[in-house]
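Asks: Can you read through this structure? Questions will come right after.
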Amino acid sequence: MPTSFHHCRWTDANTAEFSSPDEIHVWKIFLFDPRPDELEILSRNELQRSHDFKNETARKTYVCSRLIMRWLFASYLKQPASELKFQTTQHGKPFLVGNTTELKFNLSHSGAVMLLAVSPIIELGIDIEQHKEIKNWEKIAQKVFDTQLVRSLKQQKQPEKAFISAWTEFEARQKSHGEGIFGKKISPIHNTVSINMNIDGFEASLCYIPATGTPDICCFNFTE
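Quick note: the sequence shown uses this note's numbering, first residue -11, plus one each step.
Written as structure tokens, this is what we have:
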């Protein structure tokens, strides 16, 4: 299916609910410094894992992502944030367990920005990458993309930026099908809709598997 561009109107919010099952919410979150009392809703395993990170930025990203998911999912599901339970697939994709109401979601981060996509019923994937110099992008592209796409990227006025855009779409598409970047390659013409999103300084893609029709996509800036 073709890739389209979605111009997001980012609305400030910290809680939300779905108006229909066929809906996707995309949250943009900037990394923040959690207060000690906010960490109380994290599980013992989450706290332990946060202490295992050697890199402070990686630790902060992990803690922020877990807090955000607990805060927002508690709002969607009308459940206490501390009682939510997560597991991960073999490819590291988290999912909720033990809830009567299901949520489909996916998270990505780059630099100081995280994106969280959520839907009641739609399988989805999201990816964000900061604009930066990638000296070996051709080598990476040749390992992942087909010859035609690699040739097309080389012909672009800004090939590195074009590569990052293609990469975010590829990774989001893989994630929407529960695959890692080195898993089974999902074809762009597969039953998946790809959308490029506008975020200054970044390339971002949302991919989803249509459920009942064209979903409404709502974009939010998370505010504490």
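Heads up, the beta-carbon is just placed ideally off N, CA and C, and yes, glycines get one too. Note that this is a predicted model, so its numbers are computed, not measured.
For the 8 Å Cβ check, are there 3 or more pairs between the region 7 to 20 and the region 96 to 107?
Replies: They touch, by the three-pair rule.
Asks: Which full runs of the beta strand (DSSP E) of 3+ residues lie inside the region 39 to 114, going along the chain?
Replies: Counting only runs of 3 or more, we get 73 to 76, 82 to 85, 92 to 98, 101 to 107.
Asks: For Thr45, which residues from the same chain have a beta carbon less than 6 Å from its beta carbon, with the 5 sequence-adjacent residues on both sides left out?
Replies: Correct list: empty, nothing qualifies.
Asks: Under 8 Å between the Cβ atoms of Ala69 and Ile29?
Replies: Yes, they are a contact pair.
Asks: For Arg47, collect the residues of the same chain with a Cβ closer than 7 Å to its Cβ; drop the 5 residues on either side in sequence, then sort them by chain order.
Replies: Closer than 7 Å at Cβ, skipping near neighbours: Ser38, Phe41.
Asks: Looking at Arg161 and Cys195, is the spacing between their C-beta atoms short of 8 Å?
Replies: A contact, by the Cβ cut-off of 8 Å.
Asks: Could you check which residue in His119, Arg32, Pro176, Gly189 has the C-alpha nearest to that of Phe133?
Replies: Closest by alpha carbon: Pro176.
Asks: Any idea if His79 is buried or exposed, counting beta-carbon neighbours within 10 angstroms, 16 or more meaning buried?
Replies: Classification of His79: exposed, given that the 10 Å Cβ count is below 16.
Asks: What are the partner residues of His13, as DSSP defines its beta bridges?
Replies: His13 pairs with Val106, Cys206.
Asks: For Lys123 and Thr156, I'd like the C-alpha separation in whole angstroms.
Replies: Cα to Cα, Lys123 sits roughly 17 Å from Thr156.
Asks: Whole angstroms is fine: what's the gap from Lys73's alpha carbon to Leu84's?
Replies: Lys73 and Leu84: Cα-Cα distance of roughly 6 Å.
Asks: Candidates Pro22, Arg32, Ser63: which alpha carbon is nearest Thr49's?
Replies: With distances taken between Cα atoms, Thr49 lies closest to Pro22.
Asks: Could you compute how far the alpha carbon of Leu112 sits from the alpha carbon of Ala192?
Replies: Near 14 Å, if we compare the C-alpha coordinates of Ala192 and Leu112.
Asks: Taking 8 Å as the threshold (C-beta atoms), are Gly201 and Asp10 in contact?
Replies: A contact, by the Cβ cut-off of 8 Å.
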